[in-house]
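According to this note's numbering, the sequence shown is numbered sequentially starting from 898.
In this text, a Cβ means the ideal position worked out from N, Cα and C, and glycines have one as well.
As the structure is a prediction and not an experimental result, all values here were calculated from the model.
Just below is one structure, and these are the notes that go with it.
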Amino acid sequence: MSVGSLTISMHKGNGSGAIDFHDSDQAFQFAIGGWVYSPSGAPGGVGMYEKFESRHIDGPWYEFNARYPN
């Protein structure tokens with residue numbers, strides 16, 4: 898899926914109402930990056946990633962970098 902000049906490789910929701918959008922250009926082996934729409938506050942990536950870091954952009958939007966378990 899493309900949004901403007903961005904190519905989204907995957908999007909998925911979780912039980913908290915957050916939706917992860919994975920950026921194809923930030924995917925490399927076990928690492929991924931992208932954006933999270935999280936209306937309930939800062940996303941944690943709990944149970945989905947080995948390491949998860951996010952940065953607030955604006956409103957319910959966050960940018961994230963994560964690493965999948967090996």
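Mapping DSSP to helix, strand and coil, what is residue i?
i: residue 921; result: helix
i: residue 951; result: strand
i: residue 938; result: coil
i: residue 944; result: coil
i: residue 956; result: coil
i: residue 963; result: strand
Could you name the residues of the same chain whose beta carbon sits closer than 7 Å to that of residue i, not counting the 5 residues immediately before and after it, in chain order?
i: residue 958; result: 932 and 934
Out of the options, which has the shortest C-alpha to C-alpha gap to residue i?
i: residue 955; options: 936, 914 and 922; result: 936
i: residue 913; options: 961, 942, 947 and 922; result: 942
Tell me which same chain residues have a C-beta within less than 8 Å of the C-beta of residue i, skipping the five on either side of it?
i: residue 915; result: 933, 934, 935, 936, 937 and 940
i: residue 950; result: 961, 962 and 963
Given a threshold of 16 other Cβ atoms within 10 Å of its Cβ, counted over all protein chains shown, does residue i qualify as buried or as exposed?
i: residue 965; result: exposed
i: residue 925; result: exposed
Near residue i, what residues of its chain come up, given a Cβ to Cβ distance below 6 Å and the 5 sequence neighbours on each side ignored?
i: residue 953; result: 959
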